[in-house]
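K.L.:
If you read the sequence shown in my numbering, its first letter stands for residue 120, the second for the next number, and so on. Just so you know, even glycine gets a beta-carbon here, dropped at the ideal spot from N, CA and C. Before anything else, here's the structure in question.
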Amino acid sequence: MISNIEITLKQDLRDAEGQSLVKKANTYFGIKIDDARCINIVTVESDLGQDELETIRREVFTNPVIQESSLCPLDIDFHFCIWVGFRPGVRDNAGATAVEAVRDLLKKDFLAHENIYTSKRYCLSGAELTREDAEKIAGQILSNSIIQQYKVFSKGEWDKNIGADVKPAKVILNHTPMFDTMDIDTDEILAQISHERSLSLNPRDIPVIREYFLDKKVLAERNQMGLSKPTDVELEYISQSRSDHCCHNTFNGIFRYMDTETGETTVENSLFKTYIKAPTLALKESKEWVVSVLWDNAGVGSFDDQSNYVITGETHNSPSNMEAYGGAITGIVGVYRDPMGTGLGSKLFMGSFGFCVGDINYDGPLKPPLHPRRLLDGIIEGVKDGGNKSGVPTTFGQTLFDPGYMGKALVFVTALGIMPKTVNGRPSHEKTTSPGELIIMSGGRVGKDGIHGVTASSQSFSENTPAGHVQIGDPYTQKKMHDFLLVCRDEGLITFITDNGGGGLSSSVGESAMLSNGCEVWLDKVPLKYEGLDMWEIWISESQERMTIAVKPENLDRFMALSDLHEVESTVIGTYTDSGKLHIKYNDQTCAYVDMDLLDKGFPAWEFEAVWTPPAGRGMTEPVISTPTNFNGLLEQMLGRPNICGKEWIIRQYDHEVQGGSVIKPLVGVNRNIPTDASVTRPVLTSERGLAFSQSILPWYSKIDAYQMMACTIDEAVRRLIAVGGSLDHIGGVDNFCWPDIGYDATSNPDGKFKAAQLVRACRALKDACMAYGIPLLSGKDSMYVDGHLEGAFGERIKVSALETVQFSAVSLVTDVSRCVTLEPKTAGDFLYVLGRTGDELGASEYYEMFGKTGINVPQVDFSKFKTLYKVLEKAIHTELVSSCHAVGRGGLGIHFSLVAMAGGLGLDIDLAGLPLTDDLPLSSEKALFSESAGRFIVTVEPTKKQTFEKLCKGLPCACLGMVTDSHDRLKISSGGNSVADLPVATLDSAFNKTFGDKI
120 MISNIEITLK
130 QDLRDAEGQS
140 LVKKANTYFG
150 IKIDDARCIN
160 IVTVESDLGQ
170 DELETIRREV
180 FTNPVIQESS
190 LCPLDIDFHF
200 CIWVGFRPGV
210 RDNAGATAVE
220 AVRDLLKKDF
230 LAHENIYTSK
240 RYCLSGAELT
250 REDAEKIAGQ
260 ILSNSIIQQY
270 KVFSKGEWDK
280 NIGADVKPAK
290 VILNHTPMFD
300 TMDIDTDEIL
310 AQISHERSLS
320 LNPRDIPVIR
330 EYFLDKKVLA
340 ERNQMGLSKP
350 TDVELEYISQ
360 SRSDHCCHNT
370 FNGIFRYMDT
380 ETGETTVENS
390 LFKTYIKAPT
400 LALKESKEWV
410 VSVLWDNAGV
420 GSFDDQSNYV
430 ITGETHNSPS
440 NMEAYGGAIT
450 GIVGVYRDPM
460 GTGLGSKLFM
470 GSFGFCVGDI
480 NYDGPLKPPL
490 HPRRLLDGII
500 EGVKDGGNKS
510 GVPTTFGQTL
520 FDPGYMGKAL
530 VFVTALGIMP
540 KTVNGRPSHE
550 KTTSPGELII
560 MSGGRVGKDG
570 IHGVTASSQS
580 FSENTPAGHV
590 QIGDPYTQKK
600 MHDFLLVCRD
610 EGLITFITDN
620 GGGGLSSSVG
630 ESAMLSNGCE
640 VWLDKVPLKY
650 EGLDMWEIWI
660 SESQERMTIA
670 VKPENLDRFM
680 ALSDLHEVES
690 TVIGTYTDSG
700 KLHIKYNDQT
710 CAYVDMDLLD
720 KGFPAWEFEA
730 VWTPPAGRGM
740 TEPVISTPTN
750 FNGLLEQMLG
760 RPNICGKEWI
770 IRQYDHEVQG
780 GSVIKPLVGV
790 NRNIPTDASV
800 TRPVLTSERG
810 LAFSQSILPW
820 YSKIDAYQMM
830 ACTIDEAVRR
840 LIAVGGSLDH
850 IGGVDNFCWP
860 DIGYDATSNP
870 DGKFKAAQLV
880 RACRALKDAC
890 MAYGIPLLSG
900 KDSMYVDGHL
910 EGAFGERIKV
920 SALETVQFSA
930 VSLVTDVSRC
940 VTLEPKTAGD
950 FLYVLGRTGD
960 ELGASEYYEM
970 FGKTGINVPQ
980 VDFSKFKTLY
990 KVLEKAIHTE
1000 LVSSCHAVGR
1010 GGLGIHFSLV
1020 AMAGGLGLDI
1030 DLAGLPLTDD
1040 LPLSSEKALF
1050 SESAGRFIVT
1060 VEPTKKQTFE
1070 KLCKGLPCAC
1080 LGMVTDSHDR
1090 LKISSGGNSV
1100 ADLPVATLDS
1110 AFNKTFGDKI
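Printed below as a string of structure tokens:
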């Protein structure tokens, strides 16, 4: 029996969701809606009686104080009604939670064919509304056709008795599971199979694959298992494992690098081994706090004598560009599983985000899959629900805008966890699988969602990108699994654990079985969301909230008992062996049988031509812009630019206080609306130790040179840590690369050689910076192909590539959080200092961007000199000589003087005459204020500590430029006594917050 329960807010209450729709319809499309009401619909497919339905309506689904509900359609007037629900097979988190709530209340289990589904209908009132308006609102605001369906009803079409007539969104496949064998007689045939099945096999891999399956010894072994030709399960497994997403073929490739200016020619064999692995392992030898790097789901560092911390970062770009909410929530809950699956498992204690999108006010001819404003709304909400509903604080984040991200927006997510150093006397970061141990899958079930996720992520986005790789994460299920697994860990029940992320079981089981050298998997035992999935779909599905765990047979009963207690589904799906084979069965019939070392069978390295032409050789020059005469107006406009202005409306949506460990918040200052340099969190509440966390994204400098982009990005992340009280002696890094396609093709990718050279240069800078500052790379990820082919005004498709982008996250141990400092001046009368030199370095600056220019004088990083300065400032902060400290970044001193003034709510008197300059070369006022030279800080010092502070900084670029004052509430900047800018702090605050102020 199918029953619908409708729930809505009482009519005298403001419907926030409805009012949000009214605003979006007007802002996006100029459609005027007088009023909108949202009605939640719960569709119950069950043999519940009428009394039971009334009970759950009243006790589970209705808050009697603010809501009204009915088992019949609610009689709410409208001109048009829009119903929106999930498509069959899409994860319905609210529906799944409802099943548990009803079961708990009625003490009644749902049968296999019974379920609960959720949907919504929106009642729109407006005399001028047309069906075209309603269809546009339904299709472009309220739903995404990839995961949702909708119906539009006019007032005349509406039947008050049946309402929206909602039916269960059930998947009915009517399909008998099977596997196919594939003819691979020629390379061309296998290439065609790859194209038809979206395998994304590299053409150079195809001969190796054929050679393996045609080998006589391999054929003889396969014949004993009833196989000869490769099966679809096997080819899908190879496709996942050899994808650039999983195998990092680009970073392990061969680059033939040439510098057209110097004539340098170099062959780079594996950027990963040369510029990431080698320096990190070298630093690990000298850094006792580095526990585990480069092999597990996340890196591990020492927190104190009892605990280790865990850190990793990810991107979830391709899915988020198709379904923003689903892609983002899947990204955040997915990266949360990495610390859960590191070592024997860690407890999550914080996360962060980085969003790079196109202009949200774009009104040009290009048609991305999702308009940037809608995409940004979706990814913000996805990360919000993934973090807040997981009980994990989001303590740091950044949002950037650039036209290049129209092609493919970027969604960075980072996660940190904490775990005991030992579990039952065993180092918690060590794990392995052994023959005879059971393979257990815990958490969610497997469906068609998430299929071909990693192969889709290894391609540029186009109209042919399959939609099946979009998933909807379920933080509620994952939170239960998280807590359950920590109990199992502490009882010593787990010998190995990893997450089911990219590639699903094919990756988690395939990689973990390499440790034991074999496995036997029983796909018919894998719990499914619905029947009818073929074997290959079960094997590679990326359905969310799943972990793969190795458990010894003698521990199985206790493991399962705890699983039942925590209401987490766990199933034995196979066993680890030492057979040397990946052996997959379904109903005892073999559907895959390949060597565990198949991926070491001589697959060729990818090869790239990399040609570097310096900026001058590309015709780039410094722009010719005279000194402005209105610095007040200039500063106001700069503060309102999207990449500078306040984004409190985003940060405020994230819970940063949950778990109670927050020390320095994401927003600081007297009004709590200025972004912090770095967050500080106490993962162990009984300890005064903390972890400072920062991240930096500076893609604009790639327009000139990706080497300097990388150097400046790392330096800014380090600078931010130092500014709050971090230490150079203990900084761990996470590098997340997002790069456009570097494979040269004269027609489809004519600048591929240059972008390949940019990647080489960025990697060189990564090594140089990490070795100079002593930063081991605890974790990292590369996400290539950040390109899109967008439809234009005349049906053409235009390639749009994102800037070469790196998010560098950094973590530093703080031994005493009480000594941390924030950026706001605390007391009138304190002296204001600038540390670090300012030079003519406005290349790709925000100032030049405002005029549509780029320039060539990109900021340079002098690692040795900067390190000396940072160590002195670190000492000054730790000895409490500094009242406030702020790292100068995008926009230069003019912007950051403003931020300091706004944060303190006090006046600043500043004279640029004493500003430390590069090579003592004079600068015009606009260059002094808006140069983005690296390595600089704004510091305030109490008068009683002035002499000691200056003595400590003797011989370094450090100058007292003014004072904090309460005699006025203005930012006054002069140069040699001549006024340059003079603005009330309130005016600065207004300029800083007006751009996105209406979104709060």
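From Val980 to Lys872, what distance separates their C-alpha atoms?
P.N.:
Answer to the nearest angstrom: the Cα atoms are 26 Å apart.
K.L.:
Classify Ala575 as buried or exposed, calling it buried when 16 or more other Cβ atoms lie within 10 Å of its own Cβ.
P.N.:
Unreliable positioning characterises Ala575 in this predicted model, as indicated by a pLDDT of 42, which lies under 50. The coordinate reading is nonetheless provided below. The residue in question, Ala575, is buried, as its Cβ has 16 or more Cβ neighbours within 10 Å.
K.L.:
What span of residues does the beta strand (DSSP E) with Ala1006 cover, start to end?
P.N.:
1003 to 1006 is the extent of the beta strand (DSSP E) around Ala1006.
K.L.:
Run through DSSP, which three-state label would Ile281 get?
P.N.:
Reduced to three states, the DSSP call for Ile281 is coil.
K.L.:
Closer than 8 Å is the cut-off here; do at least three beta carbon pairs connect the stretch 963 to 977 with the stretch 1093 to 1101?
P.N.:
Because the criterion of three Cβ pairs below 8 Å is not met, the stretch 963 to 977 and the stretch 1093 to 1101 do not touch.
K.L.:
Which partner residues does Arg1089 have in the DSSP bridge list?
P.N.:
The partner list for Arg1089 (beta bridge, DSSP) reads Pro1103.
K.L.:
What residue does the alpha helix (DSSP H) around Gly137 start on, and which one ends it?
P.N.:
Here the alpha helix (DSSP H) through Gly137 covers 135 to 148.
K.L.:
Closer than 7 Å by C-beta to Tyr331: which residues in its own chain qualify, once you throw out the five before and the five after it? Chain order, please.
P.N.:
Result list for Tyr331: Val337, Leu717, Lys720, in chain order.
K.L.:
Smallest Cα separation from Ala876: which of Pro733, Val853, Asp864, Arg956?
P.N.:
Looking at the Cα atoms, Pro733 is the closest of the given residues.
K.L.:
Would DSSP call Lys227 helix, strand or coil?
P.N.:
Of the three classes helix, strand and coil, the one that applies to Lys227 here is coil, per DSSP.
K.L.:
What do you get for Glu879, buried or exposed, if any count of 16 or more other CB atoms within 10 angstroms of its CB means buried?
P.N.:
The residue you asked about is not Glu; residue 879 is Val in the sequence shown. Val879 should be labelled buried.
K.L.:
What ranges does the alpha helix (DSSP H) occupy inside the stretch 250 to 298, keeping only unbroken runs of at least 4 residues that lie completely in it?
P.N.:
Entirely contained in the stretch 250 to 298, the alpha helix (DSSP H) runs reaching 4 residues are, in chain order, 250 to 256.
K.L.:
Please look up how many angstroms separate the CB atoms of Asp351 and Pro554, rounded, as I've assumed it's under 8 Å.
P.N.:
Contact doesn't hold; Cβ gap of about 28 Å is too wide.
K.L.:
Quick check: what's the CA-CA separation for His588 versus Asn619?
P.N.:
Bear in mind that a pLDDT of 48 at His588, under 50, signals an unreliable position, so the number given afterwards is only what the model happens to contain. Spanning the two alpha carbons is a distance of roughly 14 Å.
K.L.:
Excluding the 5 residues preceding and the 5 following Lys671 in the sequence, name in chain order all residues of the same chain whose CB lies nearer than 6 Å to its CB.
P.N.:
Glu556.
K.L.:
Determine, using beta carbons only, whether Ile659 and Glu442 come nearer to each other than 9 Å.
P.N.:
Contact: no.
K.L.:
Using the C-alpha atoms, what's the distance from Val713 back to Ile430?
P.N.:
Distance between the alpha carbons of Ile430 and Val713: 34 Å.
K.L.:
For Leu1027, which of Asp870, Gly470, Gly736, Phe950 has the nearest alpha-carbon?
P.N.:
Here the closest residue by C-alpha is Phe950.
K.L.:
At what residues does the alpha helix (DSSP H) containing Val337 begin and finish?
P.N.:
Start and end: 335 to 343.
K.L.:
Alpha carbon to alpha carbon, what distance is there between Asp134 and Phe197?
P.N.:
Their backbone Cα atoms lie some 15 Å apart in a straight line.
K.L.:
Give the DSSP-derived three-state secondary structure of Met560 in the structure shown.
P.N.:
Of the three classes helix, strand and coil, the one that applies to Met560 here is strand, per DSSP.
K.L.:
Which class does Trp819 belong to by DSSP, given the choice of helix, strand or coil?
P.N.:
In this structure, Trp819 counts as helix in the three-state DSSP scheme.
K.L.:
Nearest by alpha-carbon distance to Gln425: which of Gly699, Pro546, Met525 is it?
P.N.:
Gln425 has its Cα closest to that of Pro546, out of Gly699, Pro546, Met525.
K.L.:
Return the CA-CA distance between Glu1051 and Lys142, expressed in angstroms with no decimal places.
P.N.:
One C-alpha to the other measures close to 38 Å.
K.L.:
Where does Met715 fall in DSSP's three states?
P.N.:
Residue state, collapsed to three classes: coil.
K.L.:
Would you decide whether Gln578 is buried or exposed? Buried here means 16 or more other CB atoms lie within 10 Å of its CB.
P.N.:
Low local confidence applies: a pLDDT of 43 at Gln578 is under 50, so the model's placement there is unreliable, with the coordinate-based value given in what follows. Burial call: buried.
K.L.:
Taking His364 and Gly621 to be in contact with their CB atoms under 8 Å, please state how far apart those CB atoms are, rounded to whole angstroms.
P.N.:
Their Cβ separation, rounded to whole angstroms, is 6 Å, which keeps His364 and Gly621 in contact under 8 Å.
K.L.:
For Ile185, name the three-state secondary structure that DSSP assigns.
P.N.:
Coil, per DSSP.
K.L.:
For the alpha helix (DSSP H) that Gly432 lies in, which residues bound it at each end?
P.N.:
First-last for Gly432: 426 to 434, but that is the beta strand (DSSP E), not the alpha helix (DSSP H).
K.L.:
Closest to Asp593 by C-alpha separation, out of Val502, Pro398, Lys945, Gly1074, would be which residue?
P.N.:
Measuring from the Cα of Asp593, the nearest candidate turns out to be Val502.
K.L.:
Quick one: what's got a C-beta closer than 7 Å to Thr434's C-beta in the same chain, skipping five residues either side?
P.N.:
Excluding positions up to five away in sequence, the list reads Leu529, Val530, Phe531, Asn855, Cys857, Lys900, Ser902.
K.L.:
Taking just the CA atoms, how far does Lys239 sit from Cys157?
P.N.:
Computed Cα separation, rounded: 7 Å.
K.L.:
Can you tell which of Arg665, Thr934, Ala1020 has the C-alpha that lies nearest to the C-alpha of Ser1109?
P.N.:
The option with the nearest alpha carbon to Ser1109 is Ala1020.
K.L.:
With a floor of 4 residues, list each alpha helix (DSSP H) that falls wholly inside the stretch 712 to 796, ordered by position along the chain.
P.N.:
The qualifying runs are 750 to 758, 767 to 770.
K.L.:
Quick one: residues in its chain with C-beta nearer than 8 Å to the C-beta of Val218, no 5 flanking neighbours on either side, listed in chain order?
P.N.:
Excluding sequence neighbours, Val218 sits near Phe229, Asn234, Ile235.
K.L.:
I'd like the list of long-range same chain contacts for Arg760, defined as Cβ closer than 7 Å, with 5 residues on each side in sequence excluded.
P.N.:
Taken in chain order, the residues that qualify are Glu965, Met969.
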